[in-house]
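Participant: By our numbering, the letter at position 104 of the sequence shown is numbered 104, and the numbering carries on one by one without gaps.
Please read through the structure below; I'll follow up with questions.
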Amino acid sequence: MYGLEKNVFEQILKLRDEYGICGLKAEFEAEGSSFRDLMRLRRLTHRADVKLYLKIGGVESVRDIKDSVEIGVDGLIAPMVESKFGVHKFQQAFQRVYGDHKLHLSINIETKNAVDQIDEILDFAKDKIDNITIGRTDLSGSYFDENIYPDHDTITHIIEKLGEKINKKNLTVTVGGNISVKSLEVFRKNKKLQEMVKRVETRKVMFPLEVVLHQSKAIHEALKFEELYILSKNEIHNKFMEAETARLTQLQRRL
């Protein structure tokens, strides 16, 4: 393992052994990761026997889906699905690359428009999609009301309504978006949510809900993993840039 990769791997093992994580998430665009970054992360998760899920750049990001084949991910996540057509485009793009191969598929519901269209989305997604993730940060932002934030009662009530409908379609529910210790208090006080929601996730780590409800430190450990992952990426990128930086110094002397 290269440099800080050992620390990243040890943190993955800690998350696996002490908190029973469901898996790790990765994405290209939002976190600025390269194909090489994700290949290294896949190597570590494979060694730790931890699942890796790739969030693609859009519902029909064929390039990302093709890369997922090379990486060997365990599942795909489509962001910002707002209609049944969005689900259709995701399924179509997936089948174009994977054919009849089975993979865990998830879609993100994270806007007011998606909430308004949820019945049509779920009717179409049934038997095609495995999980619905409710993204609280973008969902709260889509209301353009500064008084509505991820832990606000409005968002909690929306999750309750969505969760009930999602469960009726035999799909699992994951909740993400600025999950904090305060967020866990919302879940602890709400038995309805505890029955509906299977997982919660930070930007990088997926946990069974029942684990984080009893071990709040899990969130801290997830953030620690993310920090180590970023530091490891920077370490490797800086190493790769050493030759270029040295060449730049030579060029500046000659100009």
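Glycine is no exception: its CB is placed at the ideal position from the N, C-alpha and C atoms.
These numbers were taken from a predicted model, which means no experiment stands behind them.
(1) With C-beta atoms as the reference, is Arg199 less than 9 Å away from Val181?
(2) List in chain order: all unbroken beta strand (DSSP E) runs of 3+ residues lying wholly within the region 126-205.
(3) Where do the ends of the beta strand (DSSP E) carrying Tyr53 lie?
(4) Just tell me which of Ala222, Gly57 and Asp127 has its CA closest to the CA of Ser34.
(5) Starting from the C-beta of Ile166, find all residues in its chain whose C-beta is less than 6 Å away, skip the five residues before and the five after it, and write them out in chain order.
(6) Using CA coordinates, which residue listed in Pro79, Glu201 and Glu227 is at the minimum distance from Ser216?
(7) Who are the Cβ neighbours of Val186 in its own chain at under 8 Å, not counting the five residues just before and after it?
(8) Entirely within the region 201-250 and at least 3 residues each: give me those beta strand (DSSP E) ranges in chain order.
(9) Sorted by chain position, which residues of the same chain lie with C-beta nearer than 7 Å to Tyr19's C-beta, five sequence neighbours on each side aside?
(10) Can you confirm whether the region 73-89 touches the region 47-63 when touching is taken to mean that 3 or more C-beta pairs between the two stretches lie within less than 8 Å?
(11) Which value, in whole angstroms, describes the spacing of the CA atoms of Leu171 and Ser183?
(12) If Gln11 and Phe225 are in contact, beta carbons under 8 Å, what's the gap, nearest whole angstrom?
Facilitator: Here's the rundown:
(1) Translated into the one-based positions of the sequence shown, residue 199 becomes position 199. Translated into the one-based positions of the sequence shown, residue 181 becomes position 181. Note that the C-beta distance between Arg199 and Val181 is not below 9 Å.
(2) For secondary structure counted as the beta strand (DSSP E) over 3 or more consecutive residues, the region 126-205 holds these complete runs in sequence order: 131-135, 172-176 and 199-201.
(3) Counting from one through the sequence shown, the residue named residue 53 turns up at place 53. Run containing Tyr53: Leu52 to Lys55, per the beta strand (DSSP E) assignment.
(4) The residue labelled residue 34 in the question sits at position 34 within the sequence shown. Measuring from the Cα of Ser34, the nearest candidate turns out to be Gly57.
(5) Counting from one through the sequence shown, the residue named residue 166 turns up at place 166. Excluding five sequence positions before and after Ile166, the CB atoms of its chain that fall closer than 6 Å to its own CB belong to Ile132 and Val173, given in chain order.
(6) As a first step, residue 216 is located in the sequence shown; it is residue number 216 there, counting from the start. Relative to Ser216, the option among Pro79, Glu201 and Glu227 whose CA is nearest is Glu201.
(7) Residue numbering aside, residue 186 sits at position 186 when the sequence shown is read from its first letter. Here the set comprises Asp151, Thr156 and Leu193.
(8) Listed in chain order, the complete beta strand (DSSP E) runs (minimum 3 residues) inside the region 201-250 are 205-208.
(9) The residue you call residue 19 lines up with position 19 of the sequence shown. Only Phe207, Val211, Gln215, Ala218 and Glu221 meet the Cβ criterion.
(10) Two segments are said to touch when three or more pairs of C-beta atoms, one from each, lie closer than 8 Å; by this definition the region 47-63 touches the region 73-89.
(11) In the sequence shown, counting from the first residue as 1, residue 171 sits at position 171. In the sequence shown, counting from the first residue as 1, residue 183 sits at position 183. Taking the straight line joining both Cα atoms gives about 23 Å.
(12) Here residue 11 is taken as the residue at index 11 of the sequence shown, counted from 1. Here residue 225 is taken as the residue at index 225 of the sequence shown, counted from 1. Rounded, the Cβ-Cβ distance is 5 Å, consistent with contact.
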